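Visitor: Residue numbers (the numbering used here): 4 to 197. Quick one: the structure is below, and I'll ask about it shortly.
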Amino acid sequence: MLGEGRPGQVRLVDPQRQHADDGRPEIECDGGGVPWRGNPSVHAALHRSRSAPLTLHEAQTVITGAHERAATIGALVTVAVVDEGGHLQALGRMNGAAPLSAQIAGTKAASVALFRRDGAALRQMQEASPGFFAQLDRAVRVPILAGAGAALILRGDTVLGAMAVSGGMAPGQDDECAEAGLTVLAPSCSPSHG
């Protein structure tokens with residue numbers, strides 16, 4: 004969409020002038036940004052979708068918040084934080100947490116990020132379409148695991164990543180620790196719960 008004077012919009016630098024290399028119109032973003040050659044609508048959509056990524060500090064803050072809550076309820080957990088593509092950004096395993104909990108937390112977090120749904124919603128999808136999920140491991144290169152204690156991390160409507168907790172021994176402990184980890188984020192980030 005072409006517009007002028009509004010953030011995330013682009014405008015033609017000179018409607019009559021086309022770039023010599025490929026003949027596409029030359030545009031600039033936000034009335035002074037970097038010139039771009041190509042489809043103005045595509046550039047505007049890409050520009051609007053950019054948001055500051057989840058920082059390592061924010062990821063570690065989520066882990067610390069979840070670990071602090073786990074300590075108060077007597078749980079030994081692992082917390083994984085992944086980026087929007089499901090790639091591990093930070094992992095914290097409490098002393099004494101089960102070794103397998105690291106793999107489980109990472110897999111739950113990646114699943115939530117890739118499906119753009121929290122753990123509870125992903126579990127509902129899995130229950131509604133068991134045949135689809137039974138074959139999914141053949142289609143994607145990462146295992147999909149729906150479970151408690153997993154949530155999206157959002158900034159506005161933009162998915163920054165996801166986090167998941169594994170290792171709670173009583174019902175609800177993973178969810179409780181995940182909630183505590185997410186509530187310590189700055190107001191610009193918000194959790195997605197299910």
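C-beta atoms are modelled at their ideal positions from N, C-alpha and C, and glycine is treated no differently. Bear in mind the structure is a predicted one, so any value in this text is a computation, not a measurement.
Take A112 and list the residues in its own chain whose beta-carbon comes closer than 7 Å to its own, dropping the five residues that flank it on each side.
Guide: By 1-based counting over the sequence shown, the position of residue 112 is 109. So the qualifying residues of the chain are A83, V84, V85, A153, A165, M166 and A167.
Visitor: Tell me whether S169 sits in a helix, a strand or coil according to DSSP, three-state version.
Guide: The residue labelled residue 169 in the question sits at position 166 within the sequence shown. S169: strand per DSSP, three-state reduction.
Visitor: What are the partner residues of A153, as DSSP defines its beta bridges?
Guide: The residue you call residue 153 lines up with position 150 of the sequence shown. In DSSP, A153 forms a bridge with A167.
Visitor: Within 10 angstroms of its Cβ, does Q138 collect 16 or more other Cβ (buried), or is it exposed?
Guide: The residue given as residue 138 occupies position 135 in the sequence shown. Counting Cβ neighbours within 10 Å, Q138 comes out exposed, since fewer than 16 surround it.
Visitor: From which residue to which residue does the alpha helix (DSSP H) around D140 run?
Guide: Start at 1 with the first residue of the sequence shown, and residue 140 comes out as number 137. Note, D140: alpha helix (DSSP H), P133 to A142.
Visitor: Could you give the C-beta distance for I66 and A101, rounded to a whole number, given that I count them as a contact under 8 Å?
Guide: Within the sequence shown, residue 66 is the residue found at index 63, counting from 1. Within the sequence shown, residue 101 is the residue found at index 98, counting from 1. Going by Cβ atoms, the distance from I66 to A101 rounds to 17 Å, so no, they are not a contact pair.
Visitor: How far does the alpha helix (DSSP H) with R72 in it reach, from first residue to last?
Guide: Indexing the sequence shown from 1 puts residue 72 at position 69. L59 to I76 is the extent of the alpha helix (DSSP H) around R72.
Visitor: Report, in whole angstroms, the separation of the C-beta atoms of L185 and I156, which I expect to be a contact under 8 Å.
Guide: Within the sequence shown, numbered from 1, the residue matching residue 185 stands at position 182. Within the sequence shown, numbered from 1, the residue matching residue 156 stands at position 153. That belief holds up - the Cβ atoms of L185 and I156 are roughly 7 Å apart, short of 8 Å.
Visitor: According to DSSP, is A48 helix, strand or coil?
Guide: The residue you call residue 48 lines up with position 45 of the sequence shown. For A48, the predicted model reports a pLDDT of 46, less than 50, meaning its position is unreliable; a value from the coordinates is still stated below. Three-state result, A48: helix.
Visitor: On the criterion of 16 or more Cβ atoms from any shown chain inside 10 Å, does V143 qualify as buried, or is it exposed?
Guide: Numbered from 1 along the sequence shown, position 140 holds the residue referred to as residue 143. V143 should be labelled exposed.
Visitor: Residues in its own chain within less than 6 Å of V145 by CB, not counting five upstream and five downstream?
Guide: By one-based count along the sequence shown, residue 145 stands at place 142. Once the five neighbours on either side are set aside, the close Cβ partners of V145 are A113.
Visitor: Cα separation between R51 and D160?
Guide: Sequence index remark: in the sequence shown, residue 51 carries index 48 (1-based). Sequence index remark: in the sequence shown, residue 160 carries index 157 (1-based). At R51, the pLDDT of 47 sits below 50, so the modelled position is not reliable and the matter cannot be decided from this model.
Visitor: Helix, strand or coil for L91, going by three-state DSSP, please let me know.
Guide: What you label residue 91 is simply residue 88 of the sequence shown in a count that begins at 1. In the structure shown, L91 sits in a strand (DSSP, three-state: E or B).
Visitor: Below 6 Å CB to CB, which residues in the same chain sit around R96 once its five sequence neighbours on both sides are set aside?
Guide: Here residue 96 refers to the residue found at position 93 when the sequence shown is read from its first residue. Correct list, in chain order: T81 and A105.
Visitor: Would you identify the three-state DSSP class for A83, choosing helix, strand or coil?
Guide: By one-based count along the sequence shown, residue 83 stands at place 80. Strand.
Visitor: I'd like to check one pair, A116 with E71: are the Cβ atoms closer than 8 Å?
Guide: In the sequence shown, residue 71 corresponds to position 68, counting from 1. In the sequence shown, residue 116 corresponds to position 113, counting from 1. Cβ atoms of E71 and A116: not closer than 8 Å.
Visitor: DSSP on R119, reduced to helix/strand/coil?
Guide: Along the sequence shown, one-based indexing puts residue 119 at 116. Coil at R119, not helix or strand.
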